[in-house]
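Under this note's numbering, the first residue of the sequence shown carries the number 27, and numbering increases by one thereafter. Some notes on the structure that comes next.
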Amino acid sequence: MKNLNRLILILGDQLDLQGSALKDFNAKNDEIIMIESINEAQYVWSHKAKIALFLSAMRHFAQALEERQYPLTYIKESTLPIVEVLRQQLIHKKISRLVCVLPGEWRLKVAITELAQDLSLELEMREDEHFFCSRQDFVNWTAGKKELRLEYFYRLMRKTHGILVDADGNPEGGQWNFDQDNRKPYPKKGPGIIDPPPTFEPDPLTRKVLAYVNKKYKDHPGNLDQFYWPVTRDQALKALNYFVKYRLQNFGTFQDAMWTDTPFGWHSLLSSALNLKLLNPREVIATVLIAWKKYGLDLSTVEGFIRQILGWREFVRGMYYLDMPQMSQANYYNHQRPLPKWYWSGKTSMACMNDTIKQTLEYGYAHHIQRLMVTGNFALLAEILPSEVSNWYLAIYVDAIEWVELPNTVGMALFANGGRFTSKPYIASGAYIKRMSNYCGSCKYKPEVRFGETACPITTLYWNFLIKHRAQFDANPRTRLMTANLKKISDPDQKAIKKHAQELLSQLDGL
Ligand SMILES: Cc1cc2nc3c(=O)[nH]c(=O)nc-3n(C[C@H](O)[C@H](O)[C@H](O)COP(=O)(O)OP(=O)(O)OC[C@H]3O[C@@H](n4cnc5c(N)ncnc54)[C@H](O)[C@@H]3O)c2cc1C
Ligand code: SF4
27 MKNLNRLILI
37 LGDQLDLQGS
47 ALKDFNAKND
57 EIIMIESINE
67 AQYVWSHKAK
77 IALFLSAMRH
87 FAQALEERQY
97 PLTYIKESTL
107 PIVEVLRQQL
117 IHKKISRLVC
127 VLPGEWRLKV
137 AITELAQDLS
147 LELEMREDEH
157 FFCSRQDFVN
167 WTAGKKELRL
177 EYFYRLMRKT
187 HGILVDADGN
197 PEGGQWNFDQ
207 DNRKPYPKKG
217 PGIIDPPPTF
227 EPDPLTRKVL
237 AYVNKKYKDH
247 PGNLDQFYWP
257 VTRDQALKAL
267 NYFVKYRLQN
277 FGTFQDAMWT
287 DTPFGWHSLL
297 SSALNLKLLN
307 PREVIATVLI
317 AWKKYGLDLS
327 TVEGFIRQIL
337 GWREFVRGMY
347 YLDMPQMSQA
357 NYYNHQRPLP
367 KWYWSGKTSM
377 ACMNDTIKQT
387 LEYGYAHHIQ
397 RLMVTGNFAL
407 LAEILPSEVS
417 NWYLAIYVDA
427 IEWVELPNTV
437 GMALFANGGR
447 FTSKPYIASG
457 AYIKRMSNYC
467 GSCKYKPEVR
477 FGETACPITT
487 LYWNFLIKHR
497 AQFDANPRTR
507 LMTANLKKIS
517 DPDQKAIKKH
527 AQELLSQLDG
537 L
């Protein structure tokens, strides 16, 4: 056995040959280790497509390392947790220096740190360079601030990185935000022809993974019939170039729109490639800026897209490391109900929930507004225990890694951290879903009916939530208008709403 210097751990969401773990890699003395652990697919009941995506992308990455003749130990399908495999390997190889990149999940960060203490390792946990903002820069930005809001962080990021600003730091087009041009519903007749996202036919390696996942995880949610995700860097780059050429043009306008059997709209579908680190956000933004000029795209759509990457993606990541581990326990409203069973099957009579969950099971994908304002909104209004909701999101989406999933679920969708970084709970009645989609047209409920047999459950639960939390909503200038509308509802009607809501809440599984 050669005298090894360092073991370089590469996790399943750190698949970048240029990543900080491999920066000073020395093939003579260092060895890379990659570990597949069944535990990672089972600690939440993961969608088959999420498991397959990770395994296929990891195995392709291992191939790329081997092509470069990098020494690699690749552990397949271990029944042990990652850190236990790592312990065995470190002991077996007699290595006392471990290098890795900061994991995207707190539990792994803690487990690796504890392992290092246990074995008296020299541990180098390096910054993940797939973000514009380092953890320390984010902490510095929060210092002394009473309110942590995306908008101010985003403007700072634009100025710091010279993105869509002039030489004096003023925003391109004279404004920071083009929301009034973006976020429209589809025309009444429907979305029309949408350029579909590119699909990547599974190669033999992926087909083997798909067969394995179908067998090993046959009881897990979702299916693999539509598995066309990019699993290599080359494919991820193709997906990016295709998006900016054909789909970015309408991204902004229809960013929030929903329509039956239109799972992807004009969205980029780049989150999984970004989160596995097949793509770097810097190259994504650079490509978007080139496309803006090359294809004469509207500034509104370009800004709307860049806001998601440079704004939200960076912001939630900063918040995650700032607020963990408390974030995972947050439960501002003390909600305790279990997640309705149909979240795992889509078998519900609510058309909006049915469509969103069905496409989620089909593809492991739903776009932001479906996650926030359909499944997330319902979970908040139905008073579901935040950790149950969070485990669902973490399990069911191909792009789900805790650093991005948890703040979106706990902070944005559920207001479970009491507005730590949002100014109000994002709640909506059926009227919003009716305005932004065609779901209500095929639903047995009526979005405008507040109680009774034909009442939309989301509308009933929305008004019930407002009645229950009236004082909180009255006290906030941004939500006062919502409770002002409550005053227009008579006392007997409010009583009927409360009664109907109690009936719904007591039998959520039957909805
Ligand atoms: C409850 C909930 C859970 C979520 N869980 C995840 C998750 O596990 N993983 C994940 O990547 N995103 C998550 N999001 C954010 C967002 O919904 C997805 O990033 C987006 O839908 C991915 O699809 P897309 O690539 O087509 O995105 P697009 O709509 O095309 O947006 C472009 C990119 O911007 C980034 N982005 C957009 N919105 C956000 C956001 N709110 N936070 C962070 N990045 C954002 C993503 O990288 C995305 O690929 C969640 C949102 C909610 C409300
Ligand atoms: S009526 Fe209510 S439950 Fe039915 S689709 Fe519309 S919002 Fe959803």
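Don't be surprised by glycine CBs; every beta carbon is placed ideally from N, CA and C.
Does at least one heavy atom of ligand 2 sit under 7 angstroms from the Cβ of residue i?
i: residue 484; result: yes
i: residue 366; result: no
i: residue 117; result: no
i: residue 377; result: yes
i: residue 130; result: no
i: residue 472; result: yes
i: residue 465; result: yes
i: residue 456; result: yes
i: residue 469; result: yes
i: residue 384; result: no
i: residue 523; result: no
i: residue 460; result: yes
In chain order, what residues of the same chain lie with their CB nearer than 8 angstroms to the CB of residue i, ignoring the 5 residues before and after it?
i: residue 478; result: 522, 526
i: residue 111; result: 61, 63, 101, 104
i: residue 18; result: Lying before the first or after the last residue shown, residue 18 is absent from the chain, which here runs from 27 to 537.
i: residue 95; result: 53
i: residue 506; result: 499, 500
So is residue i buried or exposed if we call it buried at 16+ other beta carbons inside 10 Å?
i: residue 193; result: exposed
i: residue 385; result: buried
i: residue 134; result: buried
i: residue 201; result: exposed
i: residue 316; result: exposed
i: residue 225; result: exposed
i: residue 419; result: buried
i: residue 321; result: exposed
i: residue 152; result: exposed
i: residue 245; result: exposed
i: residue 416; result: buried
Going by beta carbon distance, what residues of the same chain come within less than 7 angstroms of residue i, once the five residues before and after it are set aside?
i: residue 67; result: 77, 243
i: residue 168; result: 174, 348
i: residue 311; result: 189, 332, 335, 336
i: residue 502; result: 450
i: residue 454; result: 399, 403, 488
i: residue 160; result: 153
i: residue 79; result: 255, 257, 298, 424
i: residue 91; result: 58, 98
i: residue 343; result: 157, 429, 430
Is any heavy atom of ligand 1 found at a distance shorter than 7 angstroms from the C-beta of residue i?
i: residue 434; result: yes
i: residue 345; result: no
i: residue 419; result: yes
i: residue 73; result: no
i: residue 252; result: no
i: residue 338; result: yes
i: residue 275; result: no
i: residue 334; result: yes
i: residue 184; result: no
i: residue 404; result: no
i: residue 301; result: yes
i: residue 331; result: yes
i: residue 426; result: yes
Ignore the nearest five residues each way along the sequence and tell me which others in residue i's own chain have a CB closer than 6 angstroms to its CB.
i: residue 105; result: 64
i: residue 442; result: 356, 357, 358, 412, 436
i: residue 42; result: 303
i: residue 259; result: 304
i: residue 293; result: 393
i: residue 179; result: 341
i: residue 32; result: 56, 123, 125
i: residue 369; result: 418
i: residue 397; result: none
How close, in whole Å, do the beta carbons of residue i and residue j come, if the pair is a contact with beta carbons under 8 angstroms?
i: residue 440; j: residue 405; result: 6 angstroms
i: residue 403; j: residue 515; result: That belief does not hold up - the Cβ atoms of residue 403 and residue 515 are roughly 20 angstroms apart, past 8 angstroms.
i: residue 88; j: residue 98; result: 6 angstroms
i: residue 221; j: residue 272; result: 4 angstroms
i: residue 486; j: residue 530; result: 6 angstroms
i: residue 374; j: residue 537; result: 5 angstroms
i: residue 307; j: residue 158; result: 7 angstroms
i: residue 473; j: residue 459; result: 7 angstroms
i: residue 284; j: residue 438; result: Contact doesn't hold; Cβ gap of about 17 angstroms is too wide.
Give me the DSSP bridge partner(s) of residue i.
i: residue 472; result: 481
i: residue 422; result: Residue 422 is not bridged to any residue.
i: residue 191; result: 197
i: residue 509; result: Beta-bridge pairing links residue 509 to no other residue.
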